[in-house]
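Chains as they are written, first to last, in our numbering: chain H, 1212 to 1503; chain A, 7 to 329. Where is the CB? At the ideal position from N, CA and C, for every residue including glycine.
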């Protein structure tokens, strides 16, 4: 095993892992604000990729198509919160899980009806001429993925620590009742959390689409991997989720390269199950007591 | 009426209806549809107890169904193990796997179990697809022998119908009994409030685990019956899509209702036979059922109908009194 191929696995892993991290970040944002695990998170990622492809195929220039896809997914997130989540805000956890599963199937079904079951590709943002160094090759798209992920992370960090909205959402995560008493509109924050996490997920989906291709059913696996990233980093910790995603992506890429590519997807879930068994608070998480 | 007597009457009526139905059907094809419906109903009764009574959710019951089918099928087809023994081993093995998965995840709250079972289901699906030498890979396992019980092979569809119907009836009777027992009361208590149940001495972890394993065993039983009926098993029958279909059946039938579970399973198994364009709109329809069901009919069709009847009767009585 030479340095070149090891580096190659690392690059692939970090690139794909960044998307898992963004998906995980989406889970975290909604969970922190509303306490809901949104099983439709993977569908937002799928929507990003598929809508980007659709817009580009309709003749919209690539950068605009990317923005349109993210905007449309954001709208879908808002719509989902408004129509399916808000009316049943007080439902039990199991019922809410079933509703988000229903929403994910509904989104997948509608996309399948409109675009069919084919696999689609989006053009690379700036060509396919690989950048070579130390015996490894890197697609320019990988740089796009890493750059945009980093930008989104920084943007979200300053959003949550500096803006009124971000702080309001954080307040909801600590104690929704106290937040409401302080004059924060908790239900508006819930909608905002769905919109932001849909936008983040869709951005991840549309920047990865040129590398991994996209189809109506990619959301299931991506959603699961994003959730695994959350658990790895500790549920509720946004930077843990991003780091967890990258760790997962790298493990998966090395596992596929060194062990077996057929079982590539199983690696993540074996890790997820082991984590749940051994350390459900994640690598960076602290154990937390639950109030009765 | 005492619940036990009501259950006995219900089961009696069900058995009679089940026994007569094949003679009322004009087309043999409907018999095979009903057999498949019974497989699904066996799984859904277990899943219904897990969701409705224990308040836990599983997105991996398709995998338990598949494990039952594949383990029994491989043992019988590849290694020549007698069908009865192969089926029994498959059911016990699946139960043990569920037990191993259940211990750590059931300690956590709902969404962890949902994700863990979803992940488990995906792993099992990948193994079915990739372990080509053992499972036949994506094209499936063939040459599984027909079910044999006490030396009699269930060749005809009608005999298989009665075997499956009997299995379903036993599963229903067992479940109805369990719900009336100490376990059922404990489950209802922990569904209402885990803390209160724990405080009065209910061992919640043990009860949840028991129901989880029981529901996996039911799924494995259905899987064994499936494999030795069709003589064939392919990974696509046991994947995520099927696990979601099971979930839709539970929600449609109504949580915490054995009768609702059977009704939901039979209805959704028969539905595609009547809707020609079903294949394309199925996904959208299922999503819609899950969402609308949870939003407007959280107790399912069974609970909703019961509520409606009560409300109508109540109005009628009130009206009568006023006169």
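Per DSSP, the continuous beta strand (DSSP E) segment holding residue 1343 (chain H) begins and ends at 1342 to 1344. Contact with chain H is absent for residue 160 (chain A), since none of that chain's Cβ atoms lies less than 7 Å from the residue's Cβ. With respect to residue 297 (chain A), residue 1477 (chain H) sits apart: the two C-beta atoms are not nearer than 7 Å. DSSP assignment within the region 222 to 274 of chain A yields the following whole alpha helix (DSSP H) runs of 4 residues or more, N-terminal first: 246 to 259. Chain A places a beta carbon closer than 7 Å to that of residue 1305 (chain H), counting this residue as a contact. Spanning the alpha carbons of residue 94 (chain A) and residue 44 (chain A) requires a straight line of approximately 19 Å. Assignment of residue 1486 (chain H) by DSSP, reduced to helix, strand and coil, places it in the helix class. DSSP, read as helix, strand or coil, puts residue 158 (chain A) in strand. Per DSSP, residue 1257 (chain H) lies in no beta strand (DSSP E); the unbroken alpha helix (DSSP H) holding it starts and ends at 1252 to 1268.
In the three-state reduction of the DSSP assignment, residue 1238 (chain H) falls in the helix class, which pools H, G and I. Approximately 12 Å separates the beta-carbon atoms of residue 1315 (chain H) and residue 1412 (chain H); this is outside 8 Å, ruling out the contact. For a Cβ distance threshold of 7 Å, residue set 122, 125 and 126 of chain A lies close to residue 1484 (chain H), ordered along the chain. Of all residues in the region 1453 to 1479 of chain H, those with a C-beta nearer than 7 Å to a C-beta of chain A are 1473, 1474, 1476 and 1477, reading in chain order. Going by C-alpha positions, residue 19 (chain A) is about 11 Å away from residue 26 (chain A). Look at residue 296 (chain A): its C-beta is under 7 Å from a C-beta on chain H.
Taking a beta-carbon distance threshold of 7 Å, residue 290 (chain A) counts as an interface residue toward chain H. Between residue 289 (chain A) and residue 175 (chain A), the CB-CB gap reaches or exceeds 7 Å. Using a Cβ-Cβ cut-off of 7 Å, residue 1450 (chain H) does not count as an interface residue toward chain A, since no Cβ of chain A sits closer than that to its own. Remark: C-beta atoms of residue 1382 (chain H) and residue 1395 (chain H) approach each other more closely than 7 Å. Restricting attention to alpha helix (DSSP H) runs no shorter than 4 residues, the region 150 to 194 of chain A encloses them at 163 to 186, ordered along the chain. Cβ contact annotation for residue 1357 (chain H) (same chain, cutoff 8 Å, sequence separation greater than five): 1225, 1226 and 1229, in chain order. Close to residue 46 (chain A), with beta-carbon spacing below 9 Å, lies no residue of chain H; the smallest spacing is near 18 Å. Interface residue (Cβ-Cβ distance to chain H less than 7 Å): residue 248 (chain A) is not classified as such. The region 62 to 77 of chain A and the region 123 to 132 of chain A touch, with no fewer than 3 CB-CB distances between them shorter than 8 Å. Taking a C-beta distance under 7 Å as the contact criterion, residue 268 (chain A) and residue 182 (chain A) do not qualify as a contact pair.
Contacts with chain A at 7 Å (Cβ-Cβ) do not include residue 1327 (chain H). For the 7 Å CB-CB criterion, residue 1416 (chain H) and residue 1259 (chain H) form a contact.
Here DSSP, grouped into helix, strand and coil, assigns residue 198 (chain A) to helix.
Taking the Cα positions, residue 1460 (chain H) is about 42 Å away from residue 202 (chain A). Inter-segment contact for the region 1232 to 1248 of chain H and the region 1435 to 1445 of chain H is present: three or more beta-carbon pairs are separated by less than 8 Å.
Here residue 1325 (chain H) is exposed, its C-beta having fewer than 16 other C-beta atoms within 10 Å. Within the region 1258 to 1278 of chain H, not one residue has a Cβ closer than 9 Å to any Cβ of chain A.
Contact annotation, residue 1426 (chain H) with residue 1294 (chain H): C-beta distance approximately 26 Å; criterion of less than 8 Å not satisfied.
Using beta-carbon distances, residue 1238 (chain H) does not count as an interface residue toward chain A, since no partner is under 7 Å. Taken in chain order, the members of the region 1427 to 1446 of chain H whose beta-carbon sits within less than 8 Å of a beta-carbon on chain A are 1431, 1432, 1435, 1438, 1439 and 1442.
Taking 8 Å as the upper bound on Cβ-Cβ separation, chain A lies near residues 1314, 1315, 1316, 1317, 1318, 1319, 1320, 1321, 1323 and 1324 of the region 1314 to 1326 of chain H.
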